Structure formats: C-alpha cells, structure tokens
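Note sheet for the following structure.
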Amino acid sequence: MSESEDRFIATVAARRMVRTSIRSIIVREDQVLLQRPSDSAPGHHYAFIGGEYELGDTFDSRLRKEIEEETNARLVDWQYLFVVENRFIHAGHRVHGLEHYLWATIDRADVTSREDHLVQEWLPWSDLAIADVRPHAVRDVLAAGRHHEVRHLLVNGWGEQT
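In the numbering used here, the protein residues as written are 90 to 251.
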C-alpha cells in the first residue's frame, strides 16, 4: 500500500469502531471505474469510489457527495447490490468495515479527479478478474457475473471462526 493509505488505515483502526461506508460500482461500455492513490503506480491496487457515512447521510446523499467530491462526474442513478463485512489486518492493525455496494450510473465518461491524492481509471471489465481490486471478494463476485445474486459477503481476514 502507499504511505497515505498506511496512515489512513492506522487512523481508522485506532478508532476501534466498525467503519460503515458506501461504494459505487460504475460500469460504462464494458469498463469499470476504479480509483487508486496518486502516490501508487498505475495497475497497483484499486478501490471502488465511495466513502464513510456521516451523520444524517442516506445511500443517495453519501454516494452523490463522494462522486462529486472525488470526481468531476455527477450521479445519475443507482441500485443497491449487496453488503460486505470486511475484516482485515494491515501492518498489525485490525480493521472492520461494513461496506454497502451500489451499481451506479454517472453523467460522463471523461472522469478526472478533484482530489490530488486520488486517480480514477477505467479498467476493462475483461481485466477485472486479474486486477488487484480490493476487496478481492467483491472483484471475484463481479468478474464471475454474480453481483445480482449476492446479498451479503463476509471477508474474514482476521482468521477467526465466525
């Protein structure tokens, strides 16, 4: 991970709370829109556009805010897909996220970043299965075309029985 991601994850882990967030799966013409830290190399690990809930948010309001804060695009429409309980350890820090994934449509293809620390890229859908898109369980569900069947995923990177 990049240095900025390491700092971010350490901050999240220090709160010792479940981090609830929303993530967008944006597809256009057999490509999926992903983002990565600007201090990481192209092709390095990717994430879906989104962010943490704030007091008073709805799925719609938070997704709109995240897309408009992070890109030059605007949300047109969305559909709820599934939730992921994501538990992982990074640099000795335990992190637990509850991530809601939405299938989203935006108003443009020429997406650019509004935030210096992020870069958005369109990845060919055919490359999704082999790309380092995190969490890998979400990538795998998408690549297998099962995103309309799945409602709940548990990614238990803590290694404990649940």
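Positions of the beta carbon are idealized from the N, C-alpha and C atoms, including for glycine. Model, not experiment: these values are computed from the prediction.
Residue span of the beta strand (DSSP E) that contains residue i, given as start and end
i: F80; result: In the structure as shown, the chain begins at 90 and stops at 251. Residue 80 is therefore absent and cannot be evaluated.
i: V222; result: Element bounds for V222: n/a, residue is neither H nor E.
i: V200; result: Taken as a continuous stretch (DSSP letters only), V200 belongs to no beta strand (DSSP E), as it is neither H nor E.
i: W211; result: L207 to P213
i: H241; result: H241 to N245
Between the CA atoms of residue j and residue i - distance to the nearest angstrom
i: E159; j: D166; result: 17 Å
i: D196; j: L164; result: 7 Å
i: L207; j: S127; result: 5 Å
i: H133; j: P224; result: 13 Å
i: I219; j: H189; result: 23 Å
i: D149; j: E155; result: 10 Å
i: D221; j: A130; result: 12 Å
i: R151; j: I111; result: 7 Å
i: D119; j: S215; result: 8 Å
i: L170; j: R235; result: 10 Å
i: P213; j: T194; result: 16 Å
i: V239; j: V173; result: 10 Å
i: D146; j: E92; result: 29 Å
i: L255; j: R153; result: Given that the chain is displayed from residue 90 to residue 251, the structure contains no residue 255 and the question cannot be resolved.
i: D205; j: V121; result: 21 Å
i: R104; j: L144; result: 17 Å
Cβ shell of residue i (< 7 Å), same chain only, five flanking positions each side left out
i: G246; result: R176, F177 and I178
i: E157; result: R163
i: A233; result: none
i: R203; result: E158, E159, T160 and N161
Counterpart residues of residue i in DSSP-defined beta bridges
i: I111; result: G140 and H189
i: L231; result: DSSP lists no partner for L231.
i: R125; result: V208
i: H182; result: H179
i: T194; result: D166
i: R117; result: Q120
Close Cβ partners of residue i (< 8 Å) along its chain, the five nearest in sequence each way excluded
i: E201; result: It should be noted that the sequence gives Thr, not Glu, for residue 201. Cβ neighbours of T201 beyond the five flanking positions: T160, N161 and Q209.
i: R108; result: V101, E141, V184, H185, G186 and L187
i: R228; result: L217, A218, A220 and V222
i: R125; result: P131, H133, H134, Y135, A136, L207, V208 and E210
Beta-carbon contacts of residue i that lie in its chain and below 6 Å, excluding the five residues immediately before and after
i: Q168; result: W192
i: A226; result: L242 and V244
Where the alpha helix (DSSP H) containing residue i begins and where it ends
i: L152; result: F148 to E159
Does the pairing of the stretch 109-118 with the stretch 137-155 give three or more beta-carbon distances under 8 Å?
A contact between stretches requires three or more CB pairs, one per stretch, nearer than 8 Å, and the stretch 109-118 meets this requirement with the stretch 137-155.
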